[in-house]
Every structure is written in C-alpha cells, then in structure tokens.
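Enquirer:
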Amino acid sequence: MVFDANAAPISPRRVVESRIEVVFSPAVVWHCLIDPVLLDGWLGHVLTDGRVDSGFAIVWPLGDPHEADWFGTIDESEPLHRLAVRFDPCIRVEFGIAPGSPADPRSCTVIVRHEAFLTAPEERAVRAFWARRLHDLSELLHGRPVHWNRADIR
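Read in order, the letters of the sequence shown are residues 112 to 265 in my numbering.
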C-alpha cells in the first residue's frame with residue numbers, strides 16, 4: 112500500500128467562528144492582531160511583521176492542546192478590518208473586526224474564523240480554545256494582566 116500525501120483528509124472541513132464585543136475602537140484592536148508584544152499578551156508568542164506574504168509563527172503556551180508550534184503566512188491584511196493567516200494547505204485562521212453595538216460607536220466585534228479539517232471533538236476543542244483566547248484579548252484590552260502561559264510548574 113502506498114501513502115498518498117495528496118489524498119483528502121478523512122475529517123470534514125469545518126469553520127469554527129468565535130466572537131466577542133469589546134468597547135475599544137478597531138484601531139486599538141488592530142494593534143492587538145499585528146503587534147508581537149500585544150499578541151504575546153493574549154494569543155501566544157508570535158513572530159510577525161504583519162505584512163501580506165510575511166511569516167506568522169505562533170509558539171503556543173504550555174498546556175494548550177497543540178502538538179507543535181504553528182508556522183504560517185499572512186494571506187490577507189486589510190488594516191482595521193481583517194487579517195488572514197494560512198498555516199498549511201488545510202488550516203486558515205482569519206481575524207476580523209466588525210462594527211459593534213450601534214449604542215456605543217466606540218465598540219467593535221472581534222471575530223475569529225478557524226477553518227480546518229476537524230473531527231467533532233477537535234471542533235469543540237478549537238471552539239473552546241478561541242473562546243478562551245478572545246476572553247484573554249478582552250482582559251488585555253481592559254488593562255488586566257493576562258497569564259497565557261498557564262502551566263503549573265512546581
């Protein structure tokens with residue numbers, strides 16, 4: 112039997128979307144998506160310059176459900192609106208910024224779309240992961256310290 116590297120993965124392609132509304136302008140949130148220092152405060156240790164076709168490497172926090180760090184390329188960058196990163200032919204993560212509540216023009220909604228071939232349990236894990244990360248982003252924006260490296264080292 113020969114392994115076909117081009118064969119379609121067995122799991123279905125799924126899009127997991129997570130969102131959170133924050134009372135900060137898109138300009139403030141945008142910097143949290145492209146500035147490695149701010150990314151370190153809510154996502155993980157990220158190496159990037161934020162430009163299209165440049166690298167976007169994530170060194171995941173200890174204890175997160177990732178088997179390895181991710182190395183990708185920025186596919187799209189529309190400042191103040193969207194940043195899309197492709198990590199391999201099968202995984203794409205898009206960060207979007209949309210208008211928030213009409214009652215508060217300073218607010219915006221941060222949307223993460225994670226597209227990959229996922230089993231149902233993997234989909235649930237990805238959904239929970241992005242919910243935690245968006246909560247950490249909100250905490251960072253509000254000036255609260257975020258300890259993304261949650262490993263209990265004794």
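Virtual Cβ for every residue (Gly too), placed ideally from N, Cα, C.
Pull up the DSSP beta-bridge partners for His156, would you.
Expert: Val170
Enquirer: Around the C-beta of Ala209, are 16 or more other C-beta atoms found within 10 angstroms, so that it is buried, or is it exposed?
Expert: exposed
Enquirer: Can you say whether Ile169 is buried or exposed, counting buried as having 16 or more other CB atoms within 10 angstroms of its CB?
Expert: Buried, because 16 or more other Cβ atoms sit within 10 Å of the Cβ of Ile169.
Enquirer: Judging by CA-CA distance, which residue of Pro123, Glu132, Val126 is the nearest neighbour of His253?
Expert: Glu132
Enquirer: Using a Cβ-Cβ cutoff of less than 6 Å, which residues in the same chain neighbour Thr230 once the five nearest sequence positions on both sides are dropped?
Expert: Ser122
Enquirer: Can you tell me where the alpha helix (DSSP H) holding Cys143 begins and where it ends?
Expert: Note, Cys143: alpha helix (DSSP H), 137-145.
Enquirer: Can you tell me which of the three DSSP states Val148 falls into?
Expert: Here DSSP, grouped into helix, strand and coil, assigns Val148 to helix.
Enquirer: Looking at the secondary structure, which residues open and close the beta strand (DSSP E) in which His253 lies?
Expert: No beta strand (DSSP E) contains His253, which DSSP labels as neither H nor E.
Enquirer: Can you check DSSP and say which residues form a bridge with Cys219?
Expert: According to DSSP, Cys219 bridges with Val133, Pro210.
Enquirer: Identify whether Asp247 lies in helix, strand or coil by the three-state DSSP scheme.
Expert: It is helical.
Enquirer: How far does the beta strand (DSSP E) with Thr184 in it extend, from its first residue to its last?
Expert: 181-189
Enquirer: Could you check which residue in Ser212, Asp215, Pro190 has the C-alpha nearest to that of Phe206?
Expert: Pro190
Enquirer: Measure the alpha-carbon distance for Leu158 versus Gly211 and round it to whole angstroms.
Expert: Those two C-alpha atoms are separated by around 29 Å.
Enquirer: Whose C-beta lies closer than 6 Å to the C-beta of Phe228 among residues of the same chain, with five residues either side of it excluded?
Expert: Pro120, Ser122, Arg124, Cys201
Enquirer: Report buried or exposed for Val244, applying the criterion of at least 16 other Cβ atoms within 10 angstroms of its Cβ.
Expert: It should be pointed out that residue 244 corresponds to Arg in this sequence rather than to Val. With 16 or more other Cβ atoms within 10 Å, it is buried.
Enquirer: Tell me, to the nearest whole angstrom, how far the beta carbon of Glu128 is from that of Arg224; I am working on the premise that it is less than 8 Å.
Expert: 5 Å
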